Amino acid sequence: MIRLTTPITEDQIRQLKVGDEVLLNGRVVLSRDIGHKFMKEQKPEWLKPILENMVIYHCGPVVRKNEDGTWSFVAAGPTTSIREEPYQADVIETYKVRGVIGKGGMGKKTSEGLQKSGAVYLHATGGAGSLLAERVKRVVDVKMLEEFGSPEAFWIIEVEDFPLVVTMDSHGGSLHEIVLAQSQERAKALTS
Amino acid sequence: MSECVIPTLTSLEVVASKSVLPGGWKADLSNLKVLDLTLPVTELLRRTTSRLPQDVIDAIVKGRDAEEEGSRAFNTLNDMVRNINLSDGQVTPLCQDTGSIIFWVRHPFGLSQLAARKQIRAAVVQATKNVWLRPNCVESLSGKNSGNNMDPFHEHHPAIHFEEWDKPEIEISVMQKGGGCENVGAQYRLPDATIGAGRDIKGVRKCIIDAVVKAQGQGCSPGILGVAIGGDRVTGYEKSKELILRKLGTANADPKMDAFEKELTNDLNTLGIGPMGYGGNTTVLGVMVEEMYRHPASFYVSISYMCWSSRRGTLTIGTNGEPSFD
Ligand code: SF4
């Protein structure tokens, strides 16, 4: 189990390999479909200091507004990442993002982006909505809430011991590819 | 982080104490015309969205304990148990995707399906307001969310299957079927040359193995499979979903199918896909297979994949009018 705290350096990222289990601490920024399109097409400057050496989380959370005006996360598991494939590599490069959290893995373009920019793909446990929400210690800020709506907004949160697995590293490795190849082999043996 | 997390669900008394049903609520089954199912169905949804069935929890724990302690698979299944404990204790959704809502209603003669449909829809709207369900019903082309889980024009969501039976009691089952796992379901038409599957039980086995390999971890494995052999394109898929309502660990009534299910479960767990596709010995929690009749010219194998968060529940209103939840 490797403990990492954001902001993360390129050097730290380059040491991670597929299969490593990570407990993430510090700030994380939520973004999914509308946010990624927006980042690629509009390249807003104001997001740069927010994202530099940080981690993006593909998640549309269930949130609750407290009486004092603060926010709480009720359920916050990962959403399927492949939808951001057209945007992810550019977003990582433009904003110097060091990690992306999601589920299901991503494609070749993103893998190349991870290698080029020095970033990793971190897999969260799908369906663990309330566990992951519990590890969100604080909602620091939210951007574009009015414009994008709650599930799509840039929520800036602070997490503690957020459990993740490196499934795509910055050296071209992919746990998804390894497990797929092994299971295909085994399936052949089972059906021959 | 590798200590074994023990499932610690709140007692049934505590669950009952949080019920939306007023204490002592009873239905009058001798007067079905005035029966209102809204509250008991709302209560059913409150339970299914936050608390997994005991047999599913047992299967997850059994899978975890069969993994090497401290491995990725072990830790992931352990986190699933943590999540189960948290959601149950807080009465919050197990997963932020609270799924498509599917009902099966079995009722005696005399119940108005029109009225029951209205009441079940009202219960879903209320559960959505209570944040037990996420608004998960969008217009297909525009993506516009109806906001309350209702398909306003065709009434296809929530899906409600009615069946009149000759028993006096009413039984309502519900399933919350996640989008991620629904996407990895598959239907095969045999013979299928691409996977070398013929029209026999060996061919069926090939289809199931192929579907699980293609799914990898995308359906949030370990999964539960419902497999219908035969039927047509609609009835096959319908049956495959209904099969997922069966409790894990219960035997198939057909001894031959029972043996097939058990062998298949063991075989699938040697594929090495594991929880979330991270590798490991726990790829499926169970497989339920049923054979149907078919048209001589067509042979379908329909497979529904349910994620580890298998949210299902049954409300029974007994002859004494008292509701019970399982
Ligand atoms: S497939 Fe995964 S994300 Fe979807 S409902 Fe199931 S556990 Fe949740």
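Those sequence lines, one after another, are chains Z and B.
All residue numbers for the first sequence refer to the working numbering, where the first residue is 1039 and numbers rise by one.
All residue numbers for the second sequence refer to the working numbering, where the first residue is 71 and numbers rise by one.
In this text, a Cβ means the ideal position worked out from N, Cα and C, and glycines have one as well.
Fair warning: this is a prediction, and the values are worked out from it, not measured in the lab.
- Task: Look at the Cβ atom of T108/B, then the Cβ atom of I172/B, and state whether they are nearer than 9 Å.
- Result: no
- Item | Among S310/B, N253/B, I299/B, I387/B, nearest to K284/B - alpha-carbon criterion | N253/B
- Task: Compare the C-alpha of Q160/B against each of A136/B, T78/B, S210/B, D337/B and name the closest.
- Result: T78/B
- Query: Excluding sequence positions up to five away, which residues of its chain have a Cβ less than 6 Å from the Cβ of P1087/Z?
  - Reply: none
- Around ligand 1, which residues pass a check of Cβ closer than 5 Å to any of its heavy atoms? G1164/Z, G1165/Z, C165/B, D167/B, G248/B, G250/B, C251/B, C290/B, C377/B, S379/B
- Query: With 16 as the cutoff for other CB atoms within 10 Å, does F330/B come out buried or exposed?
  - Reply: Buried, by the Cβ-count rule.
- Report buried or exposed for A1157/Z, applying the criterion of at least 16 other Cβ atoms within 10 angstroms of its Cβ. buried
- Message: Which residue marks the beginning of the alpha helix (DSSP H) containing S170/B, and which one marks its end?
- Response: Premise fails: S170/B lies in the beta strand (DSSP E), 170-177, not in any alpha helix (DSSP H).
- Select from the segment 148-171 of chain B all residues with a C-beta closer than 8 Å to any C-beta belonging to chain Z, and list them in chain order. Contact annotation: in the segment 148-171 of chain B, residues whose CB is within less than 8 Å of a CB in chain Z are D149, M150, R152, N153, L156, S157, Q160, T162, P163, L164, C165, Q166, D167.
- Task: Determine the chain Z residues that contact L341/B at a beta-carbon separation under 7 Å, and present them in chain order.
- Result: S1221, R1224, A1225
- In three-state terms, what does DSSP make of L107/B? Coil.
- So is Q1141/Z buried or exposed if we call it buried at 16+ other beta carbons inside 10 Å? In the sequence under discussion, the amino acid at residue 1141/Z is Lys, which differs from the Gln named in the question. Result: buried.
- Message: Just checking: is the beta-carbon of G1107/Z within a distance shorter than 9 Å of some beta-carbon in chain B?
- Response: Chain B places no beta carbon closer than 9 Å to that of G1107/Z, leaving this residue out of the contacts.
- the segment 1044-1060 of chain Z touching the segment 1147-1161 of chain Z, judged by at least three CB pairs closer than 8 Å: yes
- Task: With a threshold of 16 other CB atoms inside 10 Å of the CB of W1193/Z, please say whether the residue is buried or exposed.
- Result: buried
- Message: According to DSSP, simplified to helix, strand and coil, what is L1169/Z?
- Response: Three-state DSSP puts L1169/Z in a helix.
- Message: One question on the structure: do I130/B and L355/B come within less than 9 Å of each other, judged by their Cβ atoms?
- Response: yes
- Report the three-state DSSP secondary structure of V282/B (helix, strand or coil). The DSSP-derived three-state label of V282/B is helix.
- What distance in whole Å lies between the Cβ atoms of V1066/Z and I1216/Z, which are believed to be in contact at a cut-off of 8 Å? That pair is no contact at about 26 Å.
- Query: For the alpha helix (DSSP H) that K305/B lies in, which residues bound it at each end?
  - Reply: The question names Lys, but residue 305/B is Thr in the sequence shown. For T305/B, the enclosing alpha helix (DSSP H) covers residues 303-313.
- Would you list, in sequence order, the uninterrupted beta strand (DSSP E) runs of no fewer than 3 residues that lie entirely inside the segment 1039-1114 of chain Z? Segments of the beta strand (DSSP E) lying fully in the segment 1039-1114 of chain Z: 1040-1043, 1059-1068, 1093-1095, 1100-1103, 1109-1113.
- Selection from R1041/Z, P1201/Z, G1057/Z, G1073/Z that minimises the alpha carbon distance to E1252/Z: Nothing can be reported for residue 1252/Z, as the shown portion of chain Z is limited to 1039 through 1230.
- By how many angstroms is the C-alpha of D324/B removed from the C-alpha of A367/B? 25 Å
- Task: With DSSP as the reference, please indicate the residues paired to E360/B in a beta bridge.
- Result: A298/B
- For the segment 1133-1146 of chain Z, which residues have a beta carbon sitting closer than 7 Å to at least one beta carbon of chain D? No chain D is present in this structure, whose protein chains are Z and B.
- Assigned exposure category for K402/B - 16 Cβ within 10 Å defines buried: Shown here, chain B extends from 71 to 396; a query on residue 402/B therefore has no answer.
- Using 9 Å as the limit for Cβ to Cβ distance, is A1113/Z near chain B? Interface residue, yes.
- Please confirm if L1228/Z has its CB atom under 9 Å from at least one CB of chain B. Interface residue, yes.
- Please list, in chain order, all residues of the same chain as D302/B whose beta carbon is under 8 Å from its beta carbon, the five residues on each side excluded. These residues qualify, in order along the chain: R364, H365, S368, Y370.
- What are the boundary residues of the alpha helix (DSSP H) that L147/B is part of? 142-160
- What in chain Z is Cβ-close to M346/B, meaning under 7 Å? Ordered by position in chain Z, the residues that pass the 7 Å Cβ test against M346/B are H1161, T1163, G1164.
- Taking K1226/Z as the reference, which of D328/B, P163/B, D270/B, G266/B has the closest Cα? Comparing Cα positions, the closest option is G266/B.
- Message: In whole angstroms, give me the CA-to-CA distance for K1075/Z and E1190/Z.
- Response: Taking the straight line joining both Cα atoms gives about 11 Å.
- Host alpha helix (DSSP H) of M327/B (start-end): It spans 325-338 - the alpha helix (DSSP H) in which M327/B sits, taken as one unbroken run.
- With 7 Å as the C-beta to C-beta threshold (strictly closer), list the residues of the segment 236-253 of chain B near chain Z in chain order. If the cut-off is 7 Å between Cβ atoms, the segment 236-253 of chain B has G250 near chain Z.
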